[in-house]
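Below you'll find the structure, written out as structure tokens, and then a few comments.
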Amino acid sequence: MDYKDYYKTLHIAKEASQEEIKRAYRKLARKYHPDINKDASAEARFKEINEAHDVLKDKEKRKDYDSFGGNWQTGQEFRPPPDWRDSFKGDGNGSRRASNPHYSEFFESLFGGNPGHFTSENFSSVGQDGGRGHDLNAKISISLEDSYHGAKRTITLNRIVNDGTGIQTLKPQSLHITIPKGIMEGQQIRLEGQGEAEFVMGPSGNLFLEIVFEPHPIFTVNKRDIFLTLAVTPWEAALGATIAVPTLGGNVDLKLPANSQTGKKLRMKGRGLSSKNQVGNQFVTLTIHAPAAHTTEQRELYERMAEIMPYNPRSGWEVEK
Amino acid sequence: MKKEYVFTLLDETITWGLTEICTRCRVDSDLVYEMINEGILDPEGSSVETWRFNAVAIKRIQVACRLKNDLRVNLPGVALALDLLEELEELRSRTTQLS
Chain Z
1 MDYKDYYKTL
11 HIAKEASQEE
21 IKRAYRKLAR
31 KYHPDINKDA
41 SAEARFKEIN
51 EAHDVLKDKE
61 KRKDYDSFGG
71 NWQTGQEFRP
81 PPDWRDSFKG
91 DGNGSRRASN
101 PHYSEFFESL
111 FGGNPGHFTS
121 ENFSSVGQDG
131 GRGHDLNAKI
141 SISLEDSYHG
151 AKRTITLNRI
161 VNDGTGIQTL
171 KPQSLHITIP
181 KGIMEGQQIR
191 LEGQGEAEFV
201 MGPSGNLFLE
211 IVFEPHPIFT
221 VNKRDIFLTL
231 AVTPWEAALG
241 ATIAVPTLGG
251 NVDLKLPANS
261 QTGKKLRMKG
271 RGLSSKNQVG
281 NQFVTLTIHA
291 PAAHTTEQRE
301 LYERMAEIMP
311 YNPRSGWEVE
321 K
Chain R
322 MKKEYVFTLL
332 DETITWGLTE
342 ICTRCRVDSD
352 LVYEMINEGI
362 LDPEGSSVET
372 WRFNAVAIKR
382 IQVACRLKND
392 LRVNLPGVAL
402 ALDLLEELEE
412 LRSRTTQLS
């Protein structure tokens, strides 16, 4: 088990006052809150910050934590002393509750499971009412192809399960998810009754899965529309051409009109993320790539072009040359 | 055997009335009124009876509740944060398309 330096996590000195801890926590919580920070590592960082704060804001826990001395480094192999639970207060009763995925192994070895409410791994939870379990929110990453074609995914989540007697255990559970065709980033799928179980066998809450798109090597996306930058040669742009263009459904021939310029945008209707009721398009933006002139013959060809079709793309500027 | 779940895609084809959205999001109607007054929610319809909330409203309520609980932000602060986050998302999307 690795040691965790909670002071380092909150960027504060070991002698920090409670006010300084509070201020540091609030600042970092705002910065790394998963609804605000879209970085993939933000959620894990947010959990670390909360764990550090949960220990340091509590005078007793902080005192216990500080009793290990100040020479430990984050990541250093750590074992609490054998008499830890007898000597220190910890969670009071020394019993092992179900492991809480919101806390690290390090935290649990010192303070036990969270005596209050806790939620399943990778989830945030909202609202418990009238004897129903919490709703859970999680994100699921899919490819643009998964959205374009529709897909089936199996996800495994470590979830807290109540056995009806008040004892909570952590069990892996597989969920088979159908990704509907044309789903957009940010949309949610609600799975009824797949949220957190209620403490005394009441109905479970719901699970909300929010769609996040994995980055694509050639396409970008905005809502239902797919964007692609298409490199063409000067002669394809000038003379017009039929070009095989990649789409999420495979290559499709695109008719390039003659005398096209860089920046021209062409729409490929229905080639975006279309659902049952809504149509998405693909937009292709042209960029003309001129081949380099390496040989005498190639240079002469460019010179001949300059003679036959003199053209100044900077003609609108005050300085023309 | 694979277990089947009742799942619903919260897309643009579904809308909910005030009571339904409160049940779905497990919030009080008073909180929904406050969110409407702060401009966090903008239901279609001219009266409470005819209000219809879409899937975007569900997400905004969820995010608003998390920001409120986790960061102790009041509702005007949540409204400002949500507007700025939307703007940031739009700018990110444009930057990605340009790069």
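Residue numbers (the working numbering), protein chains in the order written: chain Z, 1 to 321; chain R, 322 to 420.
Glycine included, C-beta positions come from ideal geometry on N, C-alpha and C.
Assigned secondary structure, residue i (DSSP; H/G/I helix, E/B strand, else coil)
i         : result
Asp-146/Z : helix
Pro-310/Z : coil
Leu-352/R : helix
Ser-414/R : helix
Phe-107/Z : helix
Asp-225/Z : strand
Ile-155/Z : strand
Ala-13/Z  : coil
Asp-363/R : coil
Ile-211/Z : strand
Trp-317/Z : coil
Gln-328/Z : As shown, chain Z starts at 1 and ends at 321. That puts residue 328/Z outside it, with no answer to give.
Chain-order list of residues whose beta-carbon lies under 6 Å from that of residue i (same chain, five-residue window excluded)
i         : result
His-176/Z : Thr-154
Asn-251/Z : Ala-244
Ala-293/Z : Arg-299 and Tyr-302
Asn-141/Z : Note that residue 141/Z is Ser in the sequence shown here, rather than Asn. For Ser-141/Z, where only same-chain residues beyond five positions count, the Cβ hits under 6 Å are Val-212 and Glu-214.
Phe-88/Z  : For Phe-88/Z, the predicted model reports a pLDDT of 47, less than 50, meaning its position is unreliable; a value from the coordinates is still stated below. Closer than 6 Å at Cβ, skipping near neighbours: Asp-64.
Ala-151/Z : Ile-179
Leu-248/Z : Leu-144, Glu-145 and Tyr-148
Glu-210/Z : Lys-139 and Gln-188
N- and C-terminal bounds of the beta strand (DSSP E) containing residue i
i         : result
Lys-265/Z : 265-268
Thr-242/Z : 241-247
Glu-196/Z : No beta strand (DSSP E) holds Glu-196/Z; DSSP gives it neither H nor E.
Val-252/Z : 250-256
Thr-329/R : 328-331
Where the alpha helix (DSSP H) containing residue i begins and where it ends
i         : result
Leu-392/R : 376-392
Tyr-282/Z : Contrary to the premise, residue 282/Z reads as Gln rather than Tyr in this sequence. Counting along the chain, Gln-282/Z falls outside any alpha helix (DSSP H), though it belongs to the beta strand (DSSP E) covering 282-288.
Thr-9/Z   : 6-9
Glu-60/Z  : 59-66
Ile-49/Z  : 42-56
Gln-188/Z : No alpha helix (DSSP H) holds Gln-188/Z; the beta strand (DSSP E) holding it covers 188-191.
Close-in-space but distant-in-sequence residues of the same chain around residue i (CB under 7 Å, 5 per side omitted)
i         : result
Gln-128/Z : Unreliable placement is indicated for Gln-128/Z, whose pLDDT of 47 sits below 50; the coordinate value is still reported in the next sentence. His-134, listed in sequence order.
Ala-439/R : Residue 439/R lies beyond the stretch modelled for chain R, which goes from 322 to 420, so this question has no answer here.
Gly-270/Z : Val-279 and Asn-281
Thr-334/R : none
Ser-350/R : Leu-339 and Cys-343
Leu-331/R : Ala-376 and Ile-379
Other residues of its chain near residue i: CB distance less than 8 Å, five sequence neighbours each side excluded
i         : result
Leu-256/Z : Val-232, Glu-236, Ala-237, Gly-240, Ala-241, Thr-242, Ile-243, Leu-266 and Leu-286
Pro-34/Z  : Ala-42, Glu-43, Phe-46 and Ser-124
Gly-366/R : Trp-372 and Arg-373
Can you find at least 3 beta carbon pairs, one from the region 26-43 of chain Z and one from the region 389-397 of chain R, that sit closer than 8 Å? yes
Quick test of the definition: if touching needs 3 or more C-beta pairs under 8 Å, does the region 371-387 of chain R touch the region 5-19 of chain Z? no
Assess, as a yes-or-no matter, whether the region 336-351 of chain R is touched by the region 371-383 of chain R under the definition of 3 or more beta carbon pairs within less than 8 Å. yes
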